[in-house]
Amino acid sequence: MPSEPPLDVTALLERHARADPEARQQLFAALYDDLRAVARRVFRGDEATLQPTALVHEAWMRFVGGQAKPADRQAFLALAAHVMRHVLVDHARARSAVKRGGGARPVTLDVGQIGARAEVDPADLGECLDKLAGLNERHARVVELRVLAGMTIAETAAELGVGHSTVESDWAMARAWLRTELAPD
Numbered sequence: 042m043p044s045e046p047p048l049d050v051t052a053l054l055e056r057h058a059r060a061d062p063e064a065r066q067q068l069f070a071a072l073y074d075d076l077r078a079v080a081r082r083v084f085r086g087d088e089a090t091l092q093p094t095a096l097v098h099e100a101w102m103r104f105v106g107g108q109a110k111p112a113d114r115q116a117f118l119a120l121a122a123h124v125m126r127h128v129l130v131d132h133a134r135a136r137s138a139v140k141r142g143g144g145a146r147p148v149t150l151d152v153g154q155i156g157a158r159a160e161v162d163p164a165d166l167g168e169c170l171d172k173l174a175g176l177n178e179r180h181a182r183v184v185e186l187r188v189l190a191g192m193t194i195a196e197t198a199a200e201l202g203v204g205h206s207t208v209e210s211d212w213a214m215a216r217a218w219l220r221t222e223l224a225p226d
């Protein structure tokens, strides 16, 4: 029995933007594995403050309740990486607010490409990326897209609407800045 053809995510996103409730369910089903992959890139194993499934569902609820209308799968995954980062930061801050040091565990980033320590407190990571965005918004977006969304240089360039060499340059600058900011004291 032949498998069903994959759903057209772009068409589903357009239907979702027109408030089609059936499209929302189909879109979630079509993107669930991709969303889990983004969530796994943010952290590994049980060292996380949220499990990937909880992170995916929280990010999905924020997407559904928000105003963003991504045009295609790649734009949606870029948005998902951004939203998931904020979900993790919000969760870490809430845990530490209960009690200073509130037992929040570090997220384990796949940052071999960055050269920084592998475990980073989610609130520290959020503050670090916010600080980088204040210095250079595009550099922060490059980090989100490359590290959290797992995009290639070419995919990142397409998402940001810039050239391949611009992303390579931004990526090099962002990595150097992050190595300094995330270096252990």
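When the letters of the sequence shown are read in order and numbered with the working numbering, they come out as residues 42 to 226.
For glycine and all other residues, C-beta sits at the position ideal for the given N, C-alpha and C.
Sequence-distant residues of its chain with Cβ nearer than 8 Å to Leu173 (five each side left out): As a working mapping, residue 173 is identified with position 132 in the sequence shown. Only His180, Ala181, Val184, Ala215, Trp218, Leu219 and Glu222 meet the Cβ criterion.
Contact set for Arg126: own chain, Cβ-Cβ below 8 Å, skip 5 residues either direction: Here residue 126 is taken as the residue at index 85 of the sequence shown, counted from 1. Contacts found: Val83, Leu166, Gly167, Leu170, Glu185 and Leu189.
Separation of Glu55 from Ala116, as counted between CA atoms: The count along the sequence shown starts at 1 and reaches residue 116 at position 75. The count along the sequence shown starts at 1 and reaches residue 55 at position 14. Each residue's Cα considered, the two are about 13 Å apart.
Where Lys110 sits in the DSSP three-state scheme: In the sequence shown, residue 110 corresponds to position 69, counting from 1. Of the three classes helix, strand and coil, the one that applies to Lys110 here is coil, per DSSP.
Beta-carbon proximity list for Phe69, same chain, < 8 Å, skipping 5 on both sides: The sequence position of residue 69 within the sequence shown is 28, counting from 1. If we look at Phe69 and ignore the five residues flanking it on each side, its Cβ neighbours are Trp101.
Span separating the alpha-carbon of Ala119 from that of Glu196: The residue given as residue 119 occupies position 78 in the sequence shown. The residue given as residue 196 occupies position 155 in the sequence shown. When rounded, the distance between both Cα atoms is 10 Å.
Nearest-angstrom beta carbon gap, Leu76 and Leu129 [assumed within contact, 8 Å]: Taking the first residue of the sequence shown as position 1, residue 129 is located at position 88. Taking the first residue of the sequence shown as position 1, residue 76 is located at position 35. No, Leu129 and Leu76 are not in contact; Cβ-Cβ is about 14 Å, not under 8 Å.
Completely contained alpha helix (DSSP H) runs for the stretch 158 to 203, where each covers 4 or more residues: 163 to 176, 178 to 184 and 194 to 201
Asp75 (DSSP reduced to helix, strand or coil): The residue labelled residue 75 in the question sits at position 34 within the sequence shown. Helix at Asp75.
DSSP-derived helix/strand/coil call for Ala116: Along the sequence shown, read from residue 1 onward, the residue named residue 116 stands at position 75. Here Ala116 sits in helix by DSSP.
Inter-residue CB distance, Thr51 and Asp113 (contact presumed, cutoff 8 Å): In the sequence shown, counting from the first residue as 1, residue 51 sits at position 10. In the sequence shown, counting from the first residue as 1, residue 113 sits at position 72. Indeed they touch by this definition, with Cβ atoms about 5 Å apart.
Residue range of the alpha helix (DSSP H) that includes Ala213: As a first step, residue 213 is located in the sequence shown; it is residue number 172 there, counting from the start. His205 to Leu223 is the span of the alpha helix (DSSP H), which, as asked, contains Ala213.
Spatial neighbours of Ala58 in its chain, beta-carbon cut-off 8 Å, leaving aside the 5 residues before and after: Translated into positions along the sequence shown, residue 58 becomes position 17. Within the same chain, Ala58 has close Cβ partners Lys110.
Backbone secondary structure at Arg59 - three-state DSSP: For the purposes of this step, residue 59 is identified with residue 18 of the sequence shown, where counting begins at 1. In the structure shown, Arg59 sits in coil (DSSP, three-state: anything other than H, G, I, E or B).
Assumed close pair Glu178, Ile194 - CB separation to whole angstroms, cut-off 8 Å: Reading the sequence shown from its first residue, position 137 is the one you call residue 178. Reading the sequence shown from its first residue, position 153 is the one you call residue 194. Actually they do not touch by this definition, with Cβ atoms about 18 Å apart.
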